[in-house]
Amino acid sequence: DVKVTQSSRYLVKRTGEKVFLECVQDMDHENMFWYRQDPGLGLRLIYFSYDVKMKEKGDIPEGYSVSREKKERFSLILESASTNQTSMYLCASGQADYSNQPQHFGDGTRLSIL
Amino acid sequence: AQSVSQHNHHVILSEAASLELGCNYSYGGTVNLFWYVQYPGQHLQLLLKYFSGDPLVKGIKGFEAEFIKSKFSFNLRKPSVQWSDTAEYFCAVGGETDDKIIFGKGTRLHILP
Chain P
54 DVKVTQSSRY LVKRTGEKVF LECVQDMDHE NMFWYRQDPG LGLRLIYFSY DVKMKEKGDI
114 PEGYSVSREK KERFSLILES ASTNQTSMYL CASGQADYSN QPQHFGDGTR LSIL
Chain H
3 AQSVSQHNHH VILSEAASLE LGCNYSYGGT VNLFWYVQYP GQHLQLLLKY FSGDPLVKGI
63 KGFEAEFIKS KFSFNLRKPS VQWSDTAEYF CAVGGETDDK IIFGKGTRLH ILP
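First to last, the sequence lines map onto chains P and H.
With this note's numbering, letter number 2 in the first sequence gets 55, and the count goes up by one each step, no holes.
With this note's numbering, letter number 108 in the second sequence gets 110, and the count goes up by one each step, no holes.
See below:
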């Protein structure tokens with residue numbers, strides 16, 4: 054079965070900390086995505102990557118960065134965590150066909166910033 | 003501006019009732035359309051998608067959606083819902099060659115047994 058694995062289901066960090074969220078996919082997909090999901094706001098794209106070392110800003114990239122050193126791994130970094138970054142973070146991957154939509158999602162990381 | 007609007011934030015139905023969840027979009031050009039579902043405690047899954055061809059698309063678990071280009075709509079339907087359909091449903095749209103898609107804010111569906 055295809056799998057997108059996020060390193061943590063729940064994470065609690067303090068304001069100002071540097072936070073790393075890791076995501077690994079086993080489907081050899083070219084595209085990977087990071088979203089945050091907030092009640093009443095749906096999913097909002099933070100960053101996506103269409104190849105190793107390639108990245109594109111999504112709709113809400115401020116306060117975040119990403120790293121993709123290997124095809125299967127896509128990391129989201131909160132440079133200096135703030136309370137407004139408390140949210141559910143979803144990683145997704147997809148094939149580089151003409152649609153480029155995220156096809157498979159991870160279980161999510163519920164991040165709380167105190 | 004590109005946007006996706008889901009009309010109902012919260013829908014409550016009894017088992018065996020028919021379901022229709024509304025989705026309208028604003029997007030220039032040719033679009034790809036999607037419905038995703040998130041069951042309680044589970045990851046988001048692709049329910050169905052429309053790229054081209056027959057505007058009536060059939061997905062998993064008896065769901066279908068109809069693309070009506072003149073109305074900029076892609077409503078999700080199921081003739082008879084089950085308790086296990088309780089979930090949050092997201093409509094999404096992307097341009098034919100865009101790198102990303104835009105999600106609606108979601109509709110929470112509760113099915114009463």
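Beta carbons are placed, not taken as given, at the ideal position from N, Cα and C, and that holds for glycine.
Members of the stretch 87–111 of chain P that neighbour chain H once the beta carbon cut-off is set at 7 Å
Under the 7 Å Cβ criterion, the stretch 87–111 of chain P contributes Gly93, Leu94, Gly95, Leu96, Leu98, Phe101, Tyr103, Glu109 and Gly111.
Pairwise C-alpha distance: Leu46 (chain H) and Gly55 (chain H):
Straight-line Cα distance between these residues: approximately 26 Å.
Taking buried to mean at least 16 other C-beta atoms within 10 Å of its own C-beta, is Gly111 (chain P) buried or exposed?
Looking at its Cβ environment, which holds 16 or more other Cβ atoms inside 10 Å, Gly111 (chain P) is buried.
When you compare only the Cα positions, how much space is there between Arg79 (chain H) and Ser140 (chain P)?
Between the alpha carbons of Arg79 (chain H) and Ser140 (chain P) lies a distance of about 30 Å.
Cβ neighbours of Leu58 (chain H) in the same chain (closer than 7 Å, five flanking residues each side left out)
Within the same chain, and ignoring the five residues on either side of Leu58 (chain H) in sequence, the residues whose Cβ sits closer than 7 Å to its Cβ are Glu66 and Glu68.
Please decide whether Gln154 (chain P) counts as near chain H, where near means a Cβ-Cβ distance under 8 Å.
At least one chain H Cβ lies under 8 Å of Gln154 (chain P).
Residues of its chain near Met85 (chain P), where Cβ-Cβ distance is below 6 Å and the 5 sequence neighbours each way are ignored
Answer for Met85 (chain P): Ser102, Phe127 and Ser146, listed in chain order.
Which of helix, strand or coil does DSSP assign to His97 (chain H)?
The sequence as given places Gly at residue 97 (chain H); His does not occur at that position. Strand at Gly97 (chain H).
Starting from Tyr142 (chain P), follow the beta strand (DSSP E) in both directions and report where the run begins and ends.
In this chain, the beta strand (DSSP E) harbouring Tyr142 (chain P) covers Ser140 to Gly147.
Per-residue contacts from Phe105 (chain H) into chain P (C-beta, under 7 Å):
Neighbours of Phe105 (chain H) on chain P, chain order: Gly95 and Leu96.
Leu32 (chain H), buried or exposed, once every other Cβ within 10 Å from all chains shown has been counted against 16
According to the sequence displayed, residue 32 (chain H) carries Thr and not Leu. Taking all protein chains shown into account, Thr32 (chain H) has fewer than 16 neighbouring C-beta atoms within 10 Å of its C-beta and is therefore exposed.
Which runs of the alpha helix (DSSP H), 4 residues or longer, sit entirely within the stretch 84–123 of chain P?
Runs of the alpha helix (DSSP H) inside the stretch 84–123 of chain P: none found.
Residues near Ser165 (chain P) by beta carbon distance below 6 Å, same chain, minus five either side
Taken in chain order, the residues that qualify are Val65 and Thr139.
What does DSSP give as the partner residue(s) for Glu66 (chain H) in the beta ladder?
Bridge partners of Glu66 (chain H): H:Lys60 and H:Arg79.
Can you say whether Arg155 (chain P) is buried or exposed, counting buried as having 16 or more other CB atoms within 10 angstroms of its CB?
Note on identity: in this sequence residue 155 (chain P) is Pro, with Arg being the wrong assignment. The residue in question, Pro155 (chain P), is buried, as its Cβ has 16 or more Cβ neighbours within 10 Å.
Residues near Arg110 (chain H) in its chain [Cβ-Cβ closer than 6 Å; skip 5 each side]
Contacts found: His12 and Glu90.
Beta-carbon neighbours of Leu143 (chain P), restricted to chain H and to distances below 7 Å
Close to Leu143 (chain P), with beta-carbon spacing below 7 Å, are these residues of chain H in chain order: Leu46.
Taking 8 Å as the cut-off, decide whether the C-beta atoms of Val37 (chain H) and Leu21 (chain H) are in contact.
The sequence given here has Trp at residue 37 (chain H), not Val. Contact flag unset, no.
Reduced DSSP category for Thr162 (chain P) - H, G, I as helix; E, B as strand; rest coil:
In the three-state reduction of the DSSP assignment, Thr162 (chain P) falls in the strand class, which pools E and B.
Candidates H:Ala18, H:Ala3, H:Gly64 and H:Asn26: which alpha carbon is nearest Gly108 (chain H)'s?
The residue with the shortest Cα to Cα distance from Gly108 (chain H) is H:Asn26.
Alpha carbon to alpha carbon, what distance is there between Gly95 (chain P) and Phe105 (chain H)?
Phe105 (chain H) and Gly95 (chain P): Cα-Cα distance of roughly 6 Å.
Spatial distance of Ile130 (chain P) from Leu74 (chain P) (CA atoms)
Going from the Cα of Ile130 (chain P) to the Cα of Leu74 (chain P) covers about 6 Å.
Can you give me the C-alpha to C-alpha distance between Asn34 (chain H) and Ser75 (chain H), rounded to a whole angstrom?
Those two C-alpha atoms are separated by around 12 Å.
Would you mind reading off the limits of the beta strand (DSSP E) that contains His11 (chain H)?
Counting along the chain, His11 (chain H) falls outside any beta strand (DSSP E), and DSSP gives it neither H nor E.
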